[in-house]
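>
Chains as they are written, first to last, in full-length UniProt numbering: chain A, 1 to 216; chain B, 1 to 216.
Below, the structure written as structure tokens:
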């Protein structure tokens with residue numbers, strides 16, 4: 001890519017290209033091993049331009065985490081249809097989650113493997129995770145209300161169930177991305193079989209099965 | 001602790017004291033922020049002695065990971081009684097897991113938060129995690145056999161269920177350690193309610209409940 005073409009491109013577009021290259025490099029190499037040279041080359045720009053736009057490797061990584069976390073939460077929120085029963089909302093949310101993590105494996109690796117436990121960056125991912133836990137907690141509360149079982153599910157039990165479900169989803173997403181042929185729909189169905197039938201038993205004693213009308 | 005007392009203590013005992021101090025420091029501060037000065041002071045020895053015995057911060061961290069991973073797997077294996085039905089084996093295994101992570105919060109933080117995604121160390125934790133996933137996979141296979149449902153649970157579904165269960169347990173252990181008053185037994189019961197009732201539905205369509213005779 002020549003210098004003339006570089007200058008014609010709006011800064012916002014150029015930045016997104018740099019971040020695409022950065023997410024791919026961070027996701028595949030890890031934060032420590034990823035080099036700014038490689039990111040610049042993959043983005044088709046000079047290294048000084050990456051520093052000019054995104055300041056430092058640390059700031060670039062933070063920008064990647066924010067973009068990927070926002071996109072993931074947005075994908076899950078968009079996937080859920082609010083007026084459906086709680087189990088169907090969870091099913092749609094899980095399908096959206098696993099579809100997004102399957103389509104963005106490097107972004108998921110950045111969030112789940114690279115950023116979550118790296119000290120200066122973990123807070124960004126923790127905030128995203130808490131948003132998803134709160135969303136799942138709300139679904140369980142609504143499900144309990146629908147089943148008129150609120151008094152049988154104390155707040156702490158609901159919080160624990162939401163943590164378990166989110167942990168299971170994280171683990172399955174990493175597994176599905178590392179397992180050739182594992183589809184997002186299969187991962188979502190496995191987790192519904194595992195989780196909702198259990199939650200459903202807690203609520204009403206009946207098993208959950210995926211809706212026959214939904215295919216992906 | 002004086003120099004004379006130091007010299008009288010066998011090397012193996014001294015090393016364990018250094019590793020106790022290291023696990024506590026790594027678990028609470030994080031790998032990067034932990035200093036060898038602090039570890040030596042907490043262990044009541046000189047810093048050169050830590051280097052003499054355990055070579056480097058990296059080697060000390062690796063030794064901590066190995067010790068904590070071995071202890072965790074050993075605790076789970078010891079907790080499980082092989083001749084019980086699969087759901088009871090899982091219940092005992094989960095109780096042993098959550099009891100161990102509650103009693104060793106710094107060791108769990110080292111494994112789950114510090115080591116799992118840090119590039120030179122992740123392989124140690126991955127090996128431990130794979131051993132636990134294999135153990136859970138085997139429990140699910142046995143449960144399916146007990147219910148004569150093998151053909152309905154293809155190998156990939158079982159693998160996905162095991163990954164979901166382990167991810168849920170990891171997430172709940174971190175949550176329980178961060179939540180005042182959350183007990184190991186409660187965490188295990190929450191996960192059985194969440195997971196086994198679901199798995200049980202997959203197998204036989206009946207809910208799981210904790211055995212009335214078991215208290216801890």
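We put the beta carbon where it would ideally sit given N, CA and C, even for glycine. These numbers were taken from a predicted model, which means no experiment stands behind them.
Which chain B residues sit within Cβ distance under 8 angstroms of residue 187 (chain A)?
160, listed in chain order.
> Closer than 7 angstroms by C-beta to residue 47 (chain B): which residues in its own chain qualify, once you throw out the five before and the five after it? Chain order, please.
Taken in chain order, the residues that qualify are 36, 37, 40.
> With 8 angstroms as the C-beta to C-beta threshold (strictly closer), list the residues of the segment 117–149 of chain A near chain B in chain order.
Taking 8 angstroms as the Cβ-Cβ cut-off against chain B, the residues of the segment 117–149 of chain A that qualify are 117, 118, 119.
> Comparing the C-beta of residue 171 (chain A) with each C-beta of chain B, is any distance below 8 angstroms?
Yes, its Cβ sits closer than 8 angstroms to a Cβ of chain B.
> Taking the C-alpha atoms as reference points, what is the distance between residue 23 (chain B) and residue 87 (chain A)?
Those two C-alpha atoms are separated by around 42 angstroms.
> Between residue 117 (chain B) and residue 113 (chain A), how many whole angstroms is the CB-CB distance? I'm expecting something under 8 angstroms.
Residue 117 (chain B) to residue 113 (chain A), Cβ: 5 angstroms. Contact.
> Do three or more CB pairs link the segment 121–141 of chain A to the segment 157–169 of chain A at distances below 8 angstroms?
Judged by Cβ distances under 8 angstroms, the segment 121–141 of chain A makes contact with the segment 157–169 of chain A, as three or more pairs qualify.
> Is the beta carbon of residue 64 (chain B) closer than 8 angstroms to that of residue 13 (chain B)?
Result no, Cβ atoms of residue 13 (chain B) and residue 64 (chain B) do not sit closer than 8 angstroms.
> What does residue 32 (chain A) touch in chain B if you count any residue whose Cβ is under 8 angstroms from its own?
What residue 32 (chain A) touches in chain B: 119.
> Just mark residue 119 (chain B) as buried or exposed, buried being the case when its beta carbon has 16 or more other beta carbons within 10 Å.
Classification for residue 119 (chain B): exposed.
> Excluding the 5 residues preceding and the 5 following residue 141 (chain B) in the sequence, name in chain order all residues of the same chain whose CB lies nearer than 7 angstroms to its CB.
Here the set comprises 158.
> Which runs of the alpha helix (DSSP H) at least 4 residues long sit entirely within the segment 119–197 of chain A? Give them in chain order.
Counting whole runs of 4 or more residues, the segment 119–197 of chain A contains the alpha helix (DSSP H) stretches 122–146, 155–178, 184–191.
> Assuming residue 84 (chain A) contacts residue 191 (chain A) under a Cβ cut-off of 8 angstroms, what Cβ separation, rounded to an integer in Å, is found between them?
Not really, about 17 angstroms apart at Cβ, beyond 8 angstroms.
> So, is residue 81 (chain B) buried or exposed, given that buried needs 16 or more other C-beta atoms within 10 angstroms?
Exposed.
> Rounded to the nearest angstrom, how far is the Cβ of residue 18 (chain B) from that of residue 43 (chain B), given a contact under 8 angstroms?
Indeed they touch by this definition, with Cβ atoms about 5 angstroms apart.
> Given a cut-off of 8 angstroms on the beta-carbon distance, is the pair residue 137 (chain B) and residue 162 (chain B) in contact?
Yes.
> DSSP state of residue 79 (chain A), grouped into three classes?
DSSP places residue 79 (chain A) in helix when its eight states are reduced to three.
> Leaving aside the five residues before and after residue 115 (chain B) along the sequence, list all residues of the same chain whose C-beta is less than 6 angstroms from its C-beta, in chain order.
Closer than 6 angstroms at Cβ, skipping near neighbours: 65, 121, 125.
> For residue 21 (chain A), which residues in the same chain have their Cβ closer than 6 angstroms to its Cβ, ignoring the five residues on either side in sequence?
So the list reads 39, 42, 43, once near-sequence residues are dropped.
> Just the chain B side, please: which residues come within less than 7 angstroms of residue 190 (chain A) by C-beta, in chain order?
Neighbours of residue 190 (chain A) on chain B, chain order: 157, 160, 161, 164.
> Could you tell me if residue 52 (chain A) is buried or exposed, where buried requires 16 or more neighbouring beta carbons within 10 angstroms of its beta carbon?
So residue 52 (chain A) counts as exposed.
> Exposed or buried, what is residue 56 (chain B) when buried is set at 16 or more other beta-carbons lying within 10 Å of its beta-carbon?
The residue is exposed, with fewer than 16 neighbouring Cβ atoms inside 10 Å.
> Sorted by chain position, which residues of the same chain lie with C-beta nearer than 7 angstroms to residue 25 (chain B)'s C-beta, five sequence neighbours on each side aside?
Contacts found: 34, 38, 39, 42.
> Give the range of the alpha helix (DSSP H) segment to which residue 23 (chain A) is assigned.
Element bounds for residue 23 (chain A): 11–29.
> Closer than 8 angstroms by C-beta to residue 194 (chain A): which residues in its own chain qualify, once you throw out the five before and the five after it? Chain order, please.
Answer for residue 194 (chain A): 168, listed in chain order.
> Given this structure, state the Cα-to-Cα distance separating residue 27 (chain B) from residue 76 (chain B), to the nearest angstrom.
Going from the Cα of residue 27 (chain B) to the Cα of residue 76 (chain B) covers about 21 angstroms.
> Starting from residue 50 (chain B) and walking both ways along the alpha helix (DSSP H), at which residues does that stretch end?
Run containing residue 50 (chain B): 47–54, per the alpha helix (DSSP H) assignment.
> Starting from residue 111 (chain A) and walking both ways along the alpha helix (DSSP H), at which residues does that stretch end?
From DSSP, residue 111 (chain A) is part of no alpha helix (DSSP H); its letter is neither H nor E.
> Look up residue 70 (chain B) in the DSSP assignment and say whether it is helix, strand or coil.
Three-state result, residue 70 (chain B): helix.
> If we ignore side chains and look at the alpha-carbon of each, how far apart do residue 105 (chain B) and residue 90 (chain B) end up?
In a straight line, the C-alpha of residue 105 (chain B) is about 22 angstroms away from that of residue 90 (chain B).
> In the structure shown, what three-state DSSP assignment does residue 93 (chain B) receive?
In this structure, residue 93 (chain B) counts as helix in the three-state DSSP scheme.
> Suppose the cutoff is 7 angstroms on Cβ atoms and the five residues either side in sequence are ignored; what does the same chain contact list for residue 139 (chain A) look like?
Counting only Cβ-Cβ distances below 7 angstroms, and skipping sequence neighbours, we find 86, 89, 90.
> Classify residue 181 (chain B): buried if its beta carbon has 16 or more other beta carbons within 10 angstroms, exposed otherwise.
The residue in question, residue 181 (chain B), is exposed, as its Cβ has fewer than 16 Cβ neighbours within 10 Å.
> Figure out for me which residue from B:49, B:45, B:175, B:127 has the closest Cα to the Cα of residue 68 (chain B).
Comparing Cα positions, the closest option is B:127.
> Given this structure, state the Cα-to-Cα distance separating residue 50 (chain B) from residue 31 (chain A), to the nearest angstrom.
Their Cα atoms are separated by approximately 29 angstroms.
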